[in-house]
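Per the UniProt record's numbering, the very first residue in the sequence shown carries number 1; after that it's consecutive.
Yeah, the Cβ is synthetic: ideal placement off N, Cα and C, and Gly gets one too.
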Amino acid sequence: MATISELAKEVSSKAAELEQLMNEASLAQPSFSEHSAHDFDSRHSQNTNTEALRRARNALINATQGLTQLTMGPIDYLCSLSWSAAKVANLGSLIRLEIPRRIPLGKTRNLDDLVAEIGLPAVVTTRVIRYAIANGIFYEDPISVIGHTASSAKLASDRDLHNYCLMWSAEISSHLVKLPEALYKKQVYGPKGPDSAANLAFPEYVDIFEYFEKRTDAAQRYSLYLGSRAKIPCWSVDFLIGAWDWDSLGSGTVVDVGGSAGSTSIILAQAFPFLRLVSEDIAPAALKEGEAVVQQLQLDSRISFAHHDFFKPQKISAKAYIFKSILHDWPDDICIKILQALLPALESGAHVLIAETLMPAAPALRTNAWDFEGRRVEDQIMIAGHGAHERTLEQFKAIFAAASDSFHFAGAKEGAEGSMFSLIDFEFRQG
Numbered sequence: 001m002a003t004i005s006e007l008a009k010e011v012s013s014k015a016a017e018l019e020q021l022m023n024e025a026s027l028a029q030p031s032f033s034e035h036s037a038h039d040f041d042s043r044h045s046q047n048t049n050t051e052a053l054r055r056a057r058n059a060l061i062n063a064t065q066g067l068t069q070l071t072m073g074p075i076d077y078l079c080s081l082s083w084s085a086a087k088v089a090n091l092g093s094l095i096r097l098e099i100p101r102r103i104p105l106g107k108t109r110n111l112d113d114l115v116a117e118i119g120l121p122a123v124v125t126t127r128v129i130r131y132a133i134a135n136g137i138f139y140e141d142p143i144s145v146i147g148h149t150a151s152s153a154k155l156a157s158d159r160d161l162h163n164y165c166l167m168w169s170a171e172i173s174s175h176l177v178k179l180p181e182a183l184y185k186k187q188v189y190g191p192k193g194p195d196s197a198a199n200l201a202f203p204e205y206v207d208i209f210e211y212f213e214k215r216t217d218a219a220q221r222y223s224l225y226l227g228s229r230a231k232i233p234c235w236s237v238d239f240l241i242g243a244w245d246w247d248s249l250g251s252g253t254v255v256d257v258g259g260s261a262g263s264t265s266i267i268l269a270q271a272f273p274f275l276r277l278v279s280e281d282i283a284p285a286a287l288k289e290g291e292a293v294v295q296q297l298q299l300d301s302r303i304s305f306a307h308h309d310f311f312k313p314q315k316i317s318a319k320a321y322i323f324k325s326i327l328h329d330w331p332d333d334i335c336i337k338i339l340q341a342l343l344p345a346l347e348s349g350a351h352v353l354i355a356e357t358l359m360p361a362a363p364a365l366r367t368n369a370w371d372f373e374g375r376r377v378e379d380q381i382m383i384a385g386h387g388a389h390e391r392t393l394e395q396f397k398a399i400f401a402a403a404s405d406s407f408h409f410a411g412a413k414e415g416a417e418g419s420m421f422s423l424i425d426f427e428f429r430q431g
């Protein structure tokens, strides 16, 4: 077990290593200043040894958070975990009230003027803003003069980050905080307990899918969230381009099952000009939106859209089928049915590609680096929202084997450069 002194030395060493790597890549050093409102992710430089920078960054995060936890001690540390909901609520309040955008970039605003513009009681809004300052969002100097830090400036200028955090502080946090109650009721009542925490968060709806179907405001937030999430580096579908040999398909057809408005198909069509792609979904609005986008991009000759329920038999024969962020929404028995619905259309040699978070194999380790904590967080969302889960490689192999003995594992590419996605490949071979 590391001591405070040992972790402090590791922090110093890893900070120096990271600083050197960033200098070699001509990347600006991060600061709390508004002018540092960019992610120093390695993708911003063509000269960076991306894996080395990523490893150094994560090692520094781990050592820093380990040092903080050890210095706090178990009581203060556990108390700080219990306070996390307050931070999410504060972030959500900033976003809902559009406070970051009310302060011009590069300028400051008088707190009284800002509070008056928002229209809530000053005693409330002032406390919301000052708690945000305690979390590194905005600064106050001198008294009652509010300006941007790097974090608040990013929230003000990056609508994708805004949409991502909005969804997290609304629907996602709403059912996550119900998870303890849901698990307890499941323990007490067994099968009569709630299927998921979402049943407690949104009790008037059958499940979270019906909630988004019937609540137009929530559906709009969710649509914006999905589109914006794809533009956040760790969620970018750009990873898929280099994760598999798409050129091997020639001018073959690729079906994106549950592909919504076709963001994945668009990325692949732009990178591989010979591919033909079909984005399938059950939501007419998503299909209509996708058709408009691909026409605007002049990709409609190679990307088409089809209404399809992936629980029903697949009708389109293709060389590859993509399931991106689909199976993690469902428990194993339902995933097996989804895969079996493909069987009527599968020809020998077809590939089924799963783009999802790949959980690390046991044993679990104490690690707080974004790459790994993000995977655990996604898994908790699946438990709370659907009673489902993210999977390890062995768990994926098990559900494919149960669906058909003609599925053969053909390889897996873990997320590079911090991507939350991995790509798992299963080939269908008869005989």
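Within the stretch 134-171, the runs of alpha helix (DSSP H) that reach at least 4 residues and sit entirely inside it are, in chain order, 150-157, 159-167. Of the residues CYS165, ASP329, ASN135, HIS408, the one whose Cα lies closest to the Cα of LEU224 is CYS165.
Excluding five sequence positions before and after ARG109, the CB atoms of its chain that fall closer than 6 Å to its own CB belong to ILE103, ILE146, given in chain order.
Within the same chain, and ignoring the five residues on either side of GLU117 in sequence, the residues whose Cβ sits closer than 8 Å to its Cβ are ARG102. Under the three-state reduction of DSSP, HIS35 is assigned to helix. Each residue's CA atom was taken as its position, placing ASN163 and LEU346 some 38 Å apart. Inter-segment contact for the stretch 273-284 and the stretch 254-265 is present: three or more beta-carbon pairs are separated by less than 8 Å. ALA306 sits away from ILE322, with the two beta carbons spaced by 9 Å or more. Three or more pairs of CB atoms, one per stretch, sit closer than 8 Å, so the stretch 419-426 contacts the stretch 226-239. Between the C-alpha atoms of ASP405 and LEU423 there is a straight-line separation of about 21 Å. Excluding its 5 nearest sequence neighbours in each direction, ARG130 has C-beta neighbours in its own chain below 8 Å: GLU140, listed in chain order. Where GLU24 is concerned, the enclosing alpha helix (DSSP H) starts and stops at 4-24.
When GLU390, ILE354, ASP112 are compared, the shortest CA-CA separation from VAL254 is found for ILE354.
Look at GLY227 here: in three-state DSSP terms it is helix. By the neighbour-count criterion, in which a residue is buried when 16 or more other Cβ atoms sit within 10 angstroms of its Cβ, ASP158 is buried. Proximity of the stretch 331-349 to the stretch 261-275 falls short of the contact definition, fewer than three beta-carbon pairs being nearer than 8 Å. For SER196, the secondary structure class from DSSP, reduced to helix, strand or coil, is coil. For the pair of segments examined, the stretch 168-177 was found to touch the stretch 189-208: the number of CB pairs separated by less than 8 Å reaches three. Per the coordinates, the alpha-carbon of PRO121 lies some 8 Å from the alpha-carbon of VAL115. Selection ALA350, ARG96, MET22 evaluated against SER248 yields ALA350 as nearest (Cα-Cα). Just measuring C-alpha positions, the residue of ARG366, HIS386, ALA364, VAL352 sitting nearest LYS397 is VAL352. GLN314 counts as buried, since at least 16 other C-beta atoms from the protein chains shown sit within 10 angstroms of its C-beta. Contact between ALA292 and SER263 does not hold, since their C-beta atoms are separated by about 13 Å, which reaches or exceeds 8 Å.
When only Cα atoms are considered, GLU289 and LEU111 end up about 41 Å apart. When the Cα atoms are used, ARG366 and GLU427 turn out to be separated by approximately 35 Å. By the neighbour-count definition (other C-beta atoms within 10 Å, threshold 16), LYS413 is a buried residue.
Residue nearest to VAL377 within the set GLU394, PHE311, LEU358 is LEU358 (criterion: CA-CA distance). The secondary-structure analysis by DSSP pairs GLU213 with nothing; it has no beta-bridge partner. Contact between ALA361 and THR392 is confirmed by a C-beta separation of about 6 Å, below the 8 Å threshold. One Cα belongs to ARG375, the other to ASP195, and the distance between them is close to 22 Å. Boundaries around TYR321 are those of the beta strand (DSSP E), 320-324, since no alpha helix (DSSP H) includes it.
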